[in-house]
Amino acid sequence: MAETSQISKVRLYEQVLEEIYGYIERGDWAPGCKIPSEKELKKQLGVGTAVLRETFRILETKNIIESRQGQGRFLRNVRPELILDGTIPQRALTKSSLLDVLDIRISLELSSVEAVITRGSDEQIAALESVVKRQAEGTPIKPEDSFEACVAKITGNSILTSMIIHMLTLTQELEQKNYLGYEKWRELNNEHELILRALRSHDLIAARAAVYRHIYGIKEKLTERNTDTFVQKD
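For reference, each letter of the sequence shown is one residue, going 1231 to 1464 in the numbering used here.
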């Protein structure tokens, strides 16, 4: 956790709230993490028990943290709809929402590759190579033309395809590329080749492993501290 300066005694609980919002924005406190003990926070922030507990009361009222009997306090999955006054920085909200989208994507994309291995033809799978190549080159691609969407289209399941495209649209709108940084974004795009290789071999185990690796690789990068942003836009 980042070092903080001693907090002045003017409206202490508000300043403690600002410090905590900073932890969330920077990713020092990730969604679902256990919050440090009162003893540790009192020493770090330079405040007393009463101020700290008043701060926690406010955070619990806003559904930002929760207390679990015998376990301590934990940061909730901070989403925009849980915040009453919009005090949490938008960056923290966006990153948390992006992680939620990735949780849904992995289930959908696993279903998609499983169906392709079962029902997809060699010709249909071979046609995915051009999509993988375009994305590896960094060519801007719409969600409906992405590798994941093209895999879904092979299944013939219009509902699954529509849901995957919607998730990819949300991924784009939440600026996943910016959070990952350009080099990591390119590296993760290249992992589509591993998924394609498994599809060509009709290897279900390898396909599932490749999808897990791809999505969880994104999640791990997003939850790293002090993630650099990629400012260039397509």
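Where a beta carbon is used, it is the ideal one built from N, C-alpha and C, also for glycine.
Quick caveat: nothing in here was measured; it's all calculated off a predicted structure.
Which of the three DSSP states is assigned to residue i in this structure?
i        : result
Glu-1405 : coil
Val-1441 : helix
Glu-1296 : strand
Leu-1314 : The predicted position of Leu-1314 is uncertain, since its pLDDT is 44 and thus under 50; no value can be drawn from it.
Arg-1303 : strand
Asp-1464 : Confidence at Asp-1464 is low in this model, with a pLDDT of 37, below 50, so the placement of that residue should be treated as unreliable; the coordinate-derived value is given next. Coil.
Relative to the C-alpha of residue i, which candidate in the options has its C-alpha closest?
i        : options                                : result
Leu-1289 : Leu-1242, Gly-1386, Tyr-1251           : Tyr-1251
Ser-1327 : Val-1343, Ile-1395, Ala-1260, Leu-1418 : Ala-1260
Leu-1429 : Ile-1384, Lys-1414, Ile-1394           : Ile-1384
Gln-1274 : Tyr-1253, Ile-1355, Lys-1292, Arg-1335 : Tyr-1253
Gly-1278 : Gly-1257, Leu-1242, Val-1343, Gln-1402 : Leu-1242
Asn-1419 : Arg-1443, His-1396, Arg-1287           : Arg-1443
Arg-1438 : Val-1346, Lys-1407, Glu-1353, Gln-1406 : Val-1346
Ile-1435 : Glu-1255, Ser-1341, Arg-1306           : Ser-1341
Gly-1257 : Leu-1271, Val-1281, Arg-1287, Leu-1329 : Leu-1329
Pull up the CB-CB distance for residue i and residue j, whole angstroms please, since I reckon it's below 8 Å.
i        : j        : result
Leu-1410 : Ile-1448 : 7 Å
Glu-1339 : Glu-1378 : 6 Å
Ile-1294 : Phe-1304 : 10 Å between Cβ atoms; not a contact.
Leu-1452 : Lys-1325 : 6 Å
Gly-1300 : Lys-1264 : Rounded, the Cβ-Cβ distance is 12 Å, inconsistent with contact.
Query raised in the report: Would you call the region 1357-1364 and the region 1425-1441 touching, i.e. three or more CB-CB distances under 8 Å?
Result: Yes, the region 1357-1364 touches the region 1425-1441.
Query - Complete alpha helix (DSSP H) runs within the region 1322-1395 (minimum length 4 residues, chain order) - result: Runs of the alpha helix (DSSP H) inside the region 1322-1395: 1352-1356, 1358-1366, 1377-1385.
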